[in-house]
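All remarks here apply to the structure that follows.
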Amino acid sequence: MKEEIINLTQDVSSSPLYNEDFAPIPKEKRTWGLWDMTAIWIGMAVCIPTYLLASYMMKAGLSWVEALVIIILGNFIITIPMVLNGHAGVKYGIPFPVIGRAAFGIRGVHIASVVRGIVACGWFGIQTWIGGLAIYAIWNAMTGAEASNGLDIGKFIGFGVFWLINVYFIVKGTESIKKLEKYSAPILIGIGILLIVWGTVQAGGFTTVLKQSKQLGIPTAELFKTENGLFLRLNPLKDKEGNIKAKFCRLTVPLTDSKSYQTPWIPTSGNITNIPVKNLNKDTDLEGLSSGIEKLQVEFRAPDGDRFFTSSLVTVPLAKQEQKGFGSKLFTYLLWLTAMVGFWATMAISIADITRYTATQKNQVRGQFLGLPGTMALYSFVGIFVTCAALINFGDVLIADDAPWDPVSLLGKFQSPAVVIIAQIFMLIATLSTNIAANVIAPANAFSNLAPKRISFTRGGIITALIGIIICPWLLLDEISSLLLFVSSFLGPVLGILICDYFSVRRKKMNLDQLFTVGGIYSYKKTGFNTAAMVALAAGVFTALLGLWVPPLDFLYTLSWFTGFGVSYFVYYLMMKGRKVAV
């Protein structure tokens, strides 16, 4: 692999496009080696959204094996454009907003970089909220206070404290980020392995734990229609011997007079998989339930000495019609594969923000392949395994809806305050290492690029942190799948244009001095916008979103990252092919 580093040949420090944070990093100041590149990916990949990824797939009906294969494949796919796009960072020592000036123009790049920055701000807010929940759990463990299932002031205080910790690293700069990632990576890998050992020992066997995964994909309760009327099927969790953990259930039934009726606690020892709804009450609103307008609710409980464990209250849905055939299964696979690729799509665009700190292409390529796919697979499996173990090991988990997929909630179930506090501190390290590297560096550079002489990296980072509050992250956490899919429609086209421009159009050659020159070759006739990039970006986004608006073309939206990437790459190449490209 040819190792080439390009330096400035002119003094461009007076240019309005230049600041010290954007200046090409000389080879002698690039201190990130192979382990640093690997460690930063371990630090970024070990996060609660990674831990939760498989849960969303399993709730959608996939097995744990299918979910894990999609996660591995998706991360291998995204690592390929990641290392391609990281090439320019090593060769020229500059961040994404500066590299993007070549393809988009010195003004056009703002569209790409700010969209990427806003997405990162959203993730920053989500991760900061999760870190705040860990602080909230630590406080409860220290004081003996009861944790709330809803939003309360304690969670917002935890959010504020963790937000300030993030701001500290923003102010200290990239060298502090490197140290954070370097020393936290081995700790995080060790925690993952220890969690698997804990689950195995407590549940009495590795395979015993994994057998519980089937229960996680079954709805707690559902209504189904037959020729004989409407029936209710209940599926509370079972222990490893096959016994139902919940001993009683209680139903809230809508009535025809717009009121509701609550049944007494009913033993679960009888037939609970085929309950005639009409028998629950003579005035049951069967028509409303059949149409989905009215909802039936159920909760479960189990004795625990002189008290009871009670489940959350579940709204019972109408059973979905089972889709058979390889085609429907393939569609589900592709949907989640696209979401998985979209998980790191933002980093694929701005990876040069990190690779500019390493001196060789070998380090950035090997480091990324070593750090990303393997870590994502490990921690996604940890999430699956430990949650399955919790079904056996914790008596208060009575239904799949209450399975502690969120590790913060899981750790809160341990009785020992010391265990909870230590574990939550490690959780804070994981969340912090992800947040700073993945969700601060890129948007800080993006906002700095809007006015390089007035907005430094630090100020850009503070802007990122403030937007992370404004987007109300506590409202976004449950919509991660649809959010990733929608974002992919914008990020795939940007990456397609960047890779096409750098490899297919310019053959890895850019004029470093001109990237900092107003009115230069990257000003594109002084407009600051490369028309080809704007058209290609619009074409890619429009094609991907077309599937959202036109139902017969929904596959375009399902595959939004791939659709946008391919269309924008092709359109950009065709429009630039006939031009004489100046470098």
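Taking our numbering, the leading residue of the sequence shown gets 212, the next gets one more, and so forth.
Every residue, glycine too, gets a C-beta built ideally from N, C-alpha and C.
If you're wondering where the values come from, they're calculated on a predicted model, not measured in any experiment.
Nearest residue (CA-CA) to residue i, options the options
{"i": "Asn230", "options": "Gly516, Gly671, Ala396 and Gly319", "result": "Gly671"}
{"i": "Gly707", "options": "Val746, Ile346 and Ile732", "result": "Val746"}
{"i": "Met558", "options": "Ala662, Ala648, Val525 and Ala634", "result": "Ala648"}
{"i": "Ile216", "options": "Gly365, Tyr733, Leu723 and Trp547", "result": "Leu723"}
{"i": "Phe637", "options": "Gln473, Leu219 and Ala348", "result": "Ala348"}
{"i": "Cys599", "options": "Val326, Thr411 and Ile346", "result": "Thr411"}
{"i": "Ile341", "options": "Leu785, Pro584, Thr642 and Thr479", "result": "Thr642"}
{"i": "Ile236", "options": "Gln413, Gly304 and Ile680", "result": "Gly304"}
{"i": "Thr419", "options": "Ile381, Asn604 and Val309", "result": "Asn604"}
{"i": "Val597", "options": "Trp616, Met587, Asp612 and Pro584", "result": "Trp616"}
{"i": "Ser620", "options": "Trp334, Gly594 and Thr645", "result": "Gly594"}
{"i": "Gly333", "options": "Lys736, Pro684 and Tyr780", "result": "Pro684"}
{"i": "Phe380", "options": "Val372, Phe370, Gly371 and Leu391", "result": "Leu391"}
{"i": "Asp468", "options": "Ile710, Leu541, Leu497 and Ser667", "result": "Leu497"}
{"i": "Arg461", "options": "Ser522, Leu709 and Lys737", "result": "Ser522"}
{"i": "Ser387", "options": "Ile682, Ile251 and Phe542", "result": "Ile251"}
{"i": "Pro528", "options": "Phe520, Leu541, Pro763 and Val509", "result": "Val509"}
{"i": "Thr495", "options": "Ile565, Gly416, Leu466 and Gly481", "result": "Leu466"}
Beta-carbon proximity list for residue i, same chain, < 6 Å, skipping 5 on both sides
{"i": "Ala750", "result": "Val778 and Val782"}
{"i": "Thr571", "result": "Glu214"}
{"i": "Val552", "result": "Gly285, Ile288, Ile289 and Trp772"}
{"i": "Ser160", "result": "This structure cannot settle anything about residue 160, because the visible part of the chain is limited to 212 through 794."}
{"i": "Ile562", "result": "Met293, Asn296 and Gly297"}
{"i": "Ile455", "result": "Pro447, Lys449 and Thr479"}
{"i": "Phe625", "result": "Val631"}
Helix, strand or coil at residue i according to DSSP, with G and I counted as helix
{"i": "Asp765", "result": "helix"}
{"i": "Lys788", "result": "helix"}
{"i": "Lys436", "result": "strand"}
{"i": "Ile518", "result": "Note that residue 518 is Arg in the sequence shown here, rather than Ile. Strand, per DSSP."}
{"i": "Thr728", "result": "coil"}
{"i": "Lys737", "result": "coil"}
{"i": "Ser692", "result": "Residue confidence for Ser692 is low, a pLDDT of 47 falling below 50, so the modelled location carries little weight; the figure read from the coordinates is stated next. Helix, per DSSP."}
{"i": "Val527", "result": "strand"}
{"i": "Thr569", "result": "coil"}
{"i": "Leu497", "result": "helix"}
{"i": "Ile455", "result": "strand"}
{"i": "Lys449", "result": "strand"}
{"i": "Lys506", "result": "coil"}
{"i": "Lys719", "result": "coil"}
{"i": "Trp252", "result": "helix"}
{"i": "Glu386", "result": "helix"}
{"i": "Gly410", "result": "helix"}
{"i": "Leu422", "result": "Note that residue 422 is Lys in the sequence shown here, rather than Leu. Correct three-state label for Lys422: helix."}
{"i": "Gln800", "result": "Beyond the ends of the chain as shown, which are 212 and 794, falls residue 800; an answer cannot be given."}
{"i": "Gly369", "result": "helix"}
Which residues DSSP lists as bridging residue i, in chain order
{"i": "Pro487", "result": "Phe442"}
{"i": "Cys460", "result": "Ile477 and Phe511"}
{"i": "Ser539", "result": "Per DSSP, none; premise fails for Ser539."}
{"i": "Tyr472", "result": "Val464"}
Sequence-distant residues of the same chain with beta carbon closer than 8 Å to residue i, five excluded per side
{"i": "Gly789", "result": "none"}
{"i": "Leu702", "result": "Val326, Arg327, Val330, Gly553, Ala556, Thr557, Ala559, Ile560, Trp772 and Gly775"}
{"i": "Ser226", "result": "Phe727, Thr728 and Val729"}
{"i": "Ile632", "result": "Ile349, Ala352 and Met353"}
{"i": "Arg241", "result": "Gly304, Arg567, Tyr568, Thr569 and Ala570"}
{"i": "Ala358", "result": "Tyr347, Ala348, Asn351 and Gly623"}
Cβ shell of residue i (< 7 Å), same chain only, five flanking positions each side left out
{"i": "Leu759", "result": "Tyr768"}
{"i": "Ile281", "result": "Met268, Tyr544, Trp547, Leu548 and Met551"}
{"i": "Lys366", "result": "Gly343, Leu344 and Tyr347"}
{"i": "Ala611", "result": "Gln426, Leu427, Ile429, Thr431 and Leu448"}
{"i": "Ser692", "result": "Low confidence applies here, because Ser692 scores a pLDDT of 47, under 50, leaving its location unreliable; read the following figure in that light. So the qualifying residues of the chain are Tyr267 and Ala550."}
7 Å Cβ cutoff met for residue i and residue j
{"i": "Phe435", "j": "Asn485", "result": "no"}
{"i": "Asp247", "j": "Phe668", "result": "no"}
{"i": "Asn660", "j": "Pro308", "result": "yes"}
{"i": "Lys506", "j": "Thr526", "result": "yes"}
{"i": "Ala256", "j": "Thr675", "result": "no"}
Check: residue i C-beta below 6 Å from any heavy atom of the ligand ZN
{"i": "Leu405", "result": "No copy of the ligand ZN appears in this structure; indeed no ligand is present at all."}
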